[in-house]
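In this note's numbering, the protein residues as written are 4 to 772. In this text, a Cβ means the ideal position worked out from N, Cα and C, and glycines have one as well.
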């Protein structure tokens with residue numbers, strides 16, 4: 004099921020990305036002519052003479068509509084203050100007789116726009132109700148459908164009207180563009196309702212701009228989804244949410260299709276389109292409310308019954324032959340009242356269920372010891388519960404719906420963002436239902452398989468247990484490698500025979516000790532090993548990265564400590580977080596006796612644990628020329644100098660800051676915070692070394708600002724057993740171990756040299772011989 008959820012989310016993200024791409028297409032280049040940049044003249048009545056020239060400015064019958072400076076200019080007849088326009092009151096049932104209106108403007112073209120082979124077009128965002136278009140007195144297109152009594156026989160309110168401009172009619176220079184509009188003077192749509200675009204450009208460019216291929220594909224997808232879930236309901240009558248969701252998708256398909264200009268090729272009367280648009284719109288909220296009720300509570304709320312009845316009443320009003328203006332009044336009522344069900348479903352249905360699930364998830368996060376229980380609970384609730392999935396979709400849908408209501412009442416931008424909100428909501432909800440259906444199917448299949456195979460599975464389980472026990476004995480108890488488990492507090496829980504033998508402890512006795520009880524803390528080490536191990540364990544706990552390190556482990560019975568490679572990884576046993584540990588003896592290098600010399604270069608980041616690890620590598624072959632005790636001291640000295648380069652060089656940690664953080668017991672956290680600072684995190688420490696029979700030389704440099712090493716050396720010599728013994732510990736150790744220490748002038752590079760005795764070489768040679 005986890006794989007199913009992951010696939011579902013990936014599909015949802017991909018589809019959402021497509022939806023956003025459709026919602027916000029690439030910007031269109033400026034058109035040849037923007038008609039909103041010219042004054043539009045309007046008057047009542049119509050005469051062919053008015054289509055050939057601009058009106059006389061002294062003629063008081065004409066109203067001048069000023070140009071727009073942002074390309075957005077709706078022109079509504081009811082708002083033009085033309086003479087003799089009746090004033091309609093809201094909810095008036097009076098059917099006003101259609102009147103004729105003339106609109107005239109100009110546009111200019113130069114000769115380059117009229118080149119042979121270049122086809123121009125006129126694009127109107129909206130024009131209503133019946134209309135004709137004229138250029139230089141010649142009619143380009145007519146959608147006048149008037150009956151014998153002067154009434155409108157067929158309404159033709161159109162979106163995205165694209166008309167080809169006949170090159171024989173247009174000319175270089177000034178041209179006159181006129182519109183004859185017939186419609187109800189009190190109706191909002193009469194005129195040019197939408198704000199933009201009203202332009203002249205190349206015909207192919209405009210055709211591509213208003214293409215609805217992709218939106219129609221998504222709209223058809225809603226229809227298929229609806230039919231699919233209706234089919235599911237026909238086979239599973241007990242799951243009513245499939246019925247409600249299927250009807251919702253079908254009605255959403257109808258609503259969005261009615262909002263396209265493609266629908267005009269199917270339905271020729273815009274009044275029919277408008278009534279179907281309102282009818283389908285009024286059903287959407289009640290249907291999705293029924294879906295929420297059934298999938299979340301398995302019952303229908305009284306609120307949804309009442310609101311569904313209210314929407315049914317609104318549908319009856321718009322279906323009956325009332326005026327279009329009255330239908331718009333009904334739409335405004337729905338738009339205002341729709342806020343109530345949106346709030347109810349968001350808060351009392353989905354929101355209440357969401358917070359119930361959030362509380363359950365929070366308790367679960369606390370129980371399993373999550374580091375951030377509130378954040379983990381919120382993430383789990385959003386992704387793994389139906390209420391959480393729905394609340395994401397509702398937030399997107401509610402935002403786009405509120406914007407469209409504001410757009411319809413105030414802005415008139417006609418963006419219809421709801422269709423993209425619906426896209427994300429519908430696809431997301433479909434995935435929820437698919438996962439629910441798949442989950443039920445998988446569950447049923449597993450139950451059936453369990454019933455059929457129960458006896459066989461029990462026998463197989465017994466055989467598997469026996470085999471597992473044998474494997475456990477061979478793999479864990481039969482190996483010389485030390486294997487053990489620790490609880491979250493690093494207390495020993497279990498250990499194999501090899502580890503118990505090394506510790507000289509019994510299984511019961513080992514449970515009284517922690518890991519740090521057996522880690523040997525060399526007096527010369529000053530607790531650095533413990534700090535570095537804590538850094539490793541912090542990475543293991545927070546990031547799940549297995550931790551490994553070379554350490555000295557001491558038996559409980561006072562025997563000399565031994566070198567081990569320790570590896571820890573996180574495991575979960577019976578819901579509890581534990582650690583599985585393995586400790587392997589560090590074997591001797593069989594090729595060491597053949598070693599002569601080497602030269603290496605390293606570049607490391609600012610992690611303290613890396614200083615520990617690389618210090619082992621830097622002295623790996625020193626055992627050829629030095630005694631083990633001397634090798635150990637050189638390794639510790641090198642490690643301290645590398646740590647100095649990291650802390651005081653690259654991370655710019657002062658002695659005072661280190662002292663305070665150490666006293667507050669949060670030094671590791673302090674260092675990790677410095678490691679993430681943008682101006683520090685990319686700095687490096689470079690290490691070069693040369694090892695030969697005569698000497699060992701190590702050059703350590705950092706990207707820090709350096710320091711006055713002369714003052715530091717002087718303080719170390721004068722205050723060897725005081726505070727500077729702690730702060731200058733690395734340099735102090737180096738002075739005692741190396742024969743020569745040389746700093747560069749800046750103080751961010753040090754050369755450490757150790758002369759090697761030939762005695763050890765002669766001993767090795769004699770042993771080899």
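Residue i - containing alpha helix (DSSP H), residue span
i, result
"residue 134", "No alpha helix (DSSP H) contains residue 134, which is instead part of the beta strand (DSSP E) from 133-138."
"residue 355", "355-370"
"residue 745", "Per DSSP, residue 745 belongs to no alpha helix (DSSP H); it is in the beta strand (DSSP E), 743-746."
"residue 793", "In this structure the chain extends from 4 to 772, so residue 793 is not present and cannot be described."
"residue 347", "342-347"
"residue 620", "611-621"
"residue 277", "273-300"
"residue 407", "389-409"
Secondary structure of residue i, DSSP reduced to three states
i, result
"residue 498", "strand"
"residue 215", "coil"
"residue 545", "helix"
"residue 316", "helix"
"residue 36", "strand"
"residue 727", "Only weak support exists for where residue 727 lies, its pLDDT of 49 falling under 50; the value from the coordinates is given anyway. Residue state, collapsed to three classes: helix."
"residue 663", "helix"
"residue 672", "helix"
"residue 697", "coil"
"residue 628", "coil"
"residue 13", "For residue 13, the predicted model reports a pLDDT of 46, less than 50, meaning its position is unreliable and no value from the coordinates is stated."
"residue 682", "coil"
"residue 30", "Residue placement at residue 30 is poorly supported in this model, since its pLDDT is 44, which falls under 50; the coordinates still yield a value, given next. Residue state, collapsed to three classes: coil."
"residue 757", "strand"
"residue 5", "Residue placement at residue 5 is poorly supported in this model, since its pLDDT is 48, which falls under 50; the coordinates are not used for a value here."
"residue 106", "strand"
"residue 752", "strand"
"residue 566", "strand"
"residue 24", "Because residue 24 carries a pLDDT of 45, less than 50, the predicted location of this residue cannot be relied on, and no value is offered for it."
C-beta atoms of residue i and residue j nearer than 8 Å
i, j, result
"residue 558", "residue 505", "yes"
"residue 614", "residue 649", "yes"
"residue 488", "residue 582", "yes"
"residue 600", "residue 681", "no"
"residue 282", "residue 322", "yes"
"residue 109", "residue 168", "no"
"residue 196", "residue 79", "yes"
"residue 737", "residue 644", "yes"
"residue 399", "residue 427", "yes"
"residue 71", "residue 34", "no"
"residue 268", "residue 161", "no"
"residue 131", "residue 193", "yes"
"residue 759", "residue 629", "yes"
"residue 178", "residue 138", "yes"
Top-ranked residue by Cα proximity to residue i, from the options
i, options, result
"residue 69", "169, 116, 647 and 106", "106"
"residue 704", "236, 647, 737 and 336", "647"
"residue 745", "758, 701 and 265", "701"
"residue 491", "153, 269 and 518", "518"
"residue 171", "118, 194, 148 and 218", "118"
"residue 135", "164, 633 and 184", "184"
"residue 165", "585, 202, 192 and 690", "202"
"residue 710", "658, 42 and 256", "658"
"residue 358", "276, 620 and 393", "393"
"residue 207", "126, 155 and 277", "126"
"residue 520", "540, 555 and 551", "555"
"residue 689", "712, 716 and 641", "641"
"residue 685", "692, 677 and 594", "677"
"residue 430", "60, 706, 223 and 463", "223"
CB contact check: residue i to chain C, cutoff 8 Å
i, result
"residue 682", "As a matter of chain content, chain C is missing from the structure shown, which is built from one protein chain."
Continuous beta strand (DSSP E) stretch holding residue i: start and end
i, result
"residue 250", "Looking at the DSSP string, residue 250 is not in any beta strand (DSSP E); the run it does join, the alpha helix (DSSP H), is 243-261."
"residue 146", "141-146"
Cβ pair count under 8 Å reaching 3, the segment 69-87 against the segment 46-57: yes
Across the segment 632-641 and the segment 652-659, are there enough close Cβ pairs to call them in contact, namely three or more that are closer than 8 Å? no
Contact between the segment 95-103 and the segment 186-205 (3+ Cβ pairs under 8 Å): yes
Is there contact between the segment 226-241 and the segment 111-129, where contact requires at least three CB pairs shorter than 8 Å? no
Are there three or more Cβ pairs, one per stretch, closer than 8 Å when the segment 240-252 is compared with the segment 288-297? yes
Three or more C-beta pairs closer than 8 Å, one from the segment 604-614 and one from the segment 568-587: is that the case here? Contact between the segment 604-614 and the segment 568-587 is absent, with fewer than three C-beta pairs closer than 8 Å.
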